[in-house]
Structure formats: structure tokens, C-alpha cells
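In what follows, a structure is listed as C-alpha cells, so that the remarks can point back to it.
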Ligand code: IPE
Ligand code: IPE
Ligand code: MG
């Protein structure tokens, strides 16, 4: 007999690798940044679809620690887009009850952008309808390394006994310490890899790879992918009873 615990109705936390902006633009004979702008416009409808789908936490990959390898023009265009996006979307996120958080290393981001990120986190701190986390200059390995550094400091200062360190201890030092682990990770654009996204947290996530390029990913398609999750059997290493 199916156990209710094995077939959850909706994923509580969905994480998305929003990929394919560049190819979307190139296929139209446009510069890559045109695709990034089109991609940014898609975010709102996906966020707004969450409450009805029962998705409480949404985490989106906006810029990876490896994306600095792109041309200076693309990187600075993306940074400008992030600043514009935060300015433009702040009020609607606030009014829609979205609590915004950022994960990733802020040290390499420019001061204006970091200030906007702090302000948006503060503005939306009391919202509870949807928890939107934006991964900006985020890399899973970098996050674990930064967490380890902070943990090592605590050990060196005598606050933590190294013998007590386990997976839970380390998890408390991750950028995501207040978030549940993702239940479902979606990647658009047909690539079947995780590209350094939420490595630690996705240990038992379900994955869904879709061919659609991110600027074409609609709320309808998001809904279909989320619904398909309900049919999956998760075992977490145990033998189903
Ligand atoms: C994802 O789209 C957005 C970012 C990485 C910032 P891409 O820019 O990677 O698009 P493709 O993969 O080149 O098509
Ligand atoms: C992952 O996409 C990063 C984001 C979506 C922000 P990439 O396009 O950077 O990943 P690779 O290079 O194809 O693995
Ligand atoms: Mg890509």
C-alpha cells in the first residue's frame, strides 16, 4: 500500500537552474544579453505560480562562481541587469508576500548591488507566502569551503569540539542554513548536469531536466513539472515498507 510519506503532493522546495538564455538569443540572431533580459522577465510568473502549486520555497540560480569566466561585457551586462531587476521588482515581491534571500559569496559583487540585496532582504523579512532565494555568485563547492572556513575558526577559538563535528554541524554554516533541502531541482535547456548548484543540499533531491530554454519556460510548464513530482517515490536510502 502506498505510504503518504512516499508520495508527497507537492514539492515544498523547488530549485531551478535557469539555463539557455544565450542560446535563446542566438537562435534569434540577437546578442546573449537580450536572452538574459528575456529570462529575467520569466522569473516573476514562476514565483507567482508557487502559492497555488503548494511550493513554499523557490531557489533560483542566477549567477555561478564560474560565470565570471564569461566576457567582461556579458558579466557587466548581467550585473547591471541584476541591479535593474531588484529595483524594478522590489515592490511587487514585497506586495506579493515574497520573502527574498540571497545565497552565494557577496565579496566579489559590487557595493551597490550588495546594498540592494541587503535592502530587499530587510524589506521582505516579515513575508511568509513564498520564500524566494536567489543564488548570486553561488557555487556549491565554494559554499562548502566558506562554511568549512567559518567552522574551522569556531574550532580554533575553542567554541566547537572537533570530535562533535558531523554533517548537521557543517550544514549550520552553509548559506542555506535556514532553508529546507530542495525536493525538486529543475534544469532548463536540455543540459543534464548540476553545474555546482546546491551540491550538499540536493543529496536526495529529485531532478527534472527539460529541453525548454529558460526564456520560453512558462508558468504552465512549471506547473506540469511540479505536478509530475507527485508521482515519484522517494526512499531516502530505506527499503519501502
Ligand atoms: C543561463 O543562461 C543564465 C546564466 C548562466 C547567467 P546561459 O547564459 O548559460 O545560456 P546558454 O547556456 O549559453 O544558452
Ligand atoms: C549554470 O549554468 C549557472 C546558471 C544557470 C546561473 P551554466 O550555463 O553556467 O552552466 P554550464 O557552464 O553549462 O555547466
Ligand atoms: Mg548555460
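Numbering (our numbering), first residue to last: 805 to 1045. Ideal Cβ positions, reconstructed from N, Cα and C, are used throughout, including at glycine.
Next on the checklist: Measuring only the C-alpha atoms, how far is residue 839 from residue 814?
Outcome noted: Translated into the one-based positions of the chain shown, residue 839 becomes position 35. Translated into the one-based positions of the chain shown, residue 814 becomes position 10. In a straight line, the C-alpha of residue 839 is about 30 Å away from that of residue 814.
Checklist entry - Do you know how far the Cα of residue 1002 is from the Cα of residue 848? => result As a first step, residue 848 must be located in the chain shown, where it is residue number 44. As a first step, residue 1002 must be located in the chain shown, where it is residue number 198. Distance between the alpha carbons of residue 848 and residue 1002: 22 Å.
Checklist entry - Start and end of the alpha helix (DSSP H) containing residue 945? => result Position 141 of the chain shown, counting from 1, holds the residue named residue 945. First-last of the alpha helix (DSSP H) with residue 945: 944-960.
Checklist entry - When you compare each of 1031, 845 and 897 to residue 1018 by their alpha carbons, which one comes out closest? => result The residue you call residue 1018 lines up with position 214 of the chain shown. Closest option to residue 1018, Cα to Cα, is 845.
Next on the checklist: In the DSSP output, what is residue 937 paired with across the bridge?
Outcome noted: Walking along the chain shown from the start, residue 937 turns up at place 133. DSSP lists 863 and 905 as partners of residue 937.
Next on the checklist: If distances are taken between C-alpha atoms only, which option among 1025, 918 and 877 comes closest to residue 939?
Outcome noted: On the chain shown, position 135 is the one that residue 939 refers to. Ranking the options by Cα distance to residue 939, first place goes to 918.
Next on the checklist: Tell me the rounded alpha-carbon separation between residue 1023 and residue 892.
Outcome noted: Along the chain shown, one-based indexing puts residue 1023 at 219. Along the chain shown, one-based indexing puts residue 892 at 88. Rounded to whole angstroms, the separation of the alpha carbons of residue 892 and residue 1023 is 20 Å.
Item to check | Cβ-heavy atom distance, residue 827 to ligand 1, below 6 Å | outcome: The residue you call residue 827 lines up with position 23 of the chain shown. Yes, Cβ of residue 827 sits closer than 6 Å to a heavy atom of ligand 1.
Item to check | Any beta strand (DSSP E) of 3 or more consecutive residues that is wholly inside the stretch 959-1039 | outcome: 988-991 and 1010-1013
Item to check | Same chain, Cβ closer than 8 Å to residue 1025, neighbours up to 5 away in sequence not counted | outcome: In the chain shown, counting from the first residue as 1, residue 1025 sits at position 221. Once the five neighbours on either side are set aside, the close Cβ partners of residue 1025 are 1014 and 1016.
Item to check | First and last residue of the uninterrupted beta strand (DSSP E) at residue 819 | outcome: Translated into the one-based positions of the chain shown, residue 819 becomes position 15. First-last of the beta strand (DSSP E) with residue 819: 817-821.
Item to check | residue 941 versus residue 1045: straight-line alpha-carbon distance, rounded | outcome: To locate residue 941, count along the chain shown from 1; it is residue 137. To locate residue 1045, count along the chain shown from 1; it is residue 241. Each residue's Cα considered, the two are about 42 Å apart.
Item to check | Proximity of residue 1029 and residue 1011 at Cβ, strictly below 7 Å | outcome: Within the chain shown, residue 1029 is the residue found at index 225, counting from 1. Within the chain shown, residue 1011 is the residue found at index 207, counting from 1. Against a cut-off of 7 Å, the Cβ pair of residue 1011 and residue 1029 comes out as no contact.
Checklist entry - Pairing CB atoms from the stretch 898-907 with CB atoms from the stretch 930-939, are three or more of them under 8 Å? => result Yes: the two stretches touch, three or more of their Cβ pairs being nearer than 8 Å.
Checklist entry - When DSSP labels each residue in this structure, what does residue 868 get in the three-state scheme? => result Here residue 868 refers to the residue found at position 64 of the chain shown. Strand.
Checklist entry - If you run the structure through DSSP and keep just helix, strand and coil, what is residue 916? => result As a first step, residue 916 must be located in the chain shown, where it is residue number 112. Secondary structure at residue 916: helix, using DSSP grouped into helix, strand and coil.
Item to check | Closest by C-alpha distance to residue 1007, when choosing among 922, 852 and 1040 | outcome: Counting from one through the chain shown, the residue named residue 1007 turns up at place 203. Considering only alpha carbons, the answer is 1040.
Checklist entry - Considering only the beta carbon of each residue, do residue 901 and residue 860 sit closer than 7 Å? => result As a working note, residue 901 is residue 97 in the chain shown. As a working note, residue 860 is residue 56 in the chain shown. No, the pair does not count as a contact, with Cβ atoms beyond the cut-off.
Checklist entry - residue 968: buried (16+ other C-beta within 10 angstroms of its C-beta) or exposed? => result Numbered from its first residue, the chain shown carries residue 968 at position 164. Exposure of residue 968 is indicated by the presence of fewer than 16 other C-beta atoms within 10 angstroms of its C-beta.
Next on the checklist: Could you give the first and the last residue of the continuous alpha helix (DSSP H) run that contains residue 827?
Outcome noted: Start at 1 with the first residue of the chain shown, and residue 827 comes out as number 23. For residue 827, the enclosing alpha helix (DSSP H) begins and ends at 825-830.
Checklist entry - residue 837 by DSSP, collapsed to three states: which one? => result Locating residue 837 in the chain shown gives position 33, counting from the first residue. Residue 837 falls in the helix class under three-state DSSP.
Checklist entry - Per the contact definition of three or more C-beta pairs closer than 8 Å, is the stretch 953-972 in contact with the stretch 882-896? => result no
Checklist entry - Helix, strand or coil: which one does DSSP assign to residue 808? => result Here residue 808 corresponds to residue number 4 of the chain shown, with the count starting at 1. Note on residue 808: pLDDT 43, under 50, position unreliable in the model; no value is reported.
Checklist entry - How should residue 915 be labelled, buried or exposed, when 16 other C-beta atoms within 10 angstroms of its C-beta is the threshold for buried? => result For this step, residue 915 is matched to residue 111 along the chain shown. So residue 915 counts as exposed.
Checklist entry - Hey, residue 875 and residue 943: beta-carbon distance below 7 Å or not? => result Translated into the one-based positions of the chain shown, residue 875 becomes position 71. Translated into the one-based positions of the chain shown, residue 943 becomes position 139. No, these two residues do not count as a Cβ contact at 7 Å.
Next on the checklist: So residue 898 and residue 927 are supposed to be a Cβ contact under 8 Å. How far apart are they, rounded?
Outcome noted: Mapped onto the chain shown, residue 898 falls at position 94. Mapped onto the chain shown, residue 927 falls at position 123. Between residue 927 and residue 898 the Cβ distance is about 6 Å, and since that is below 8 Å, they are a contact.
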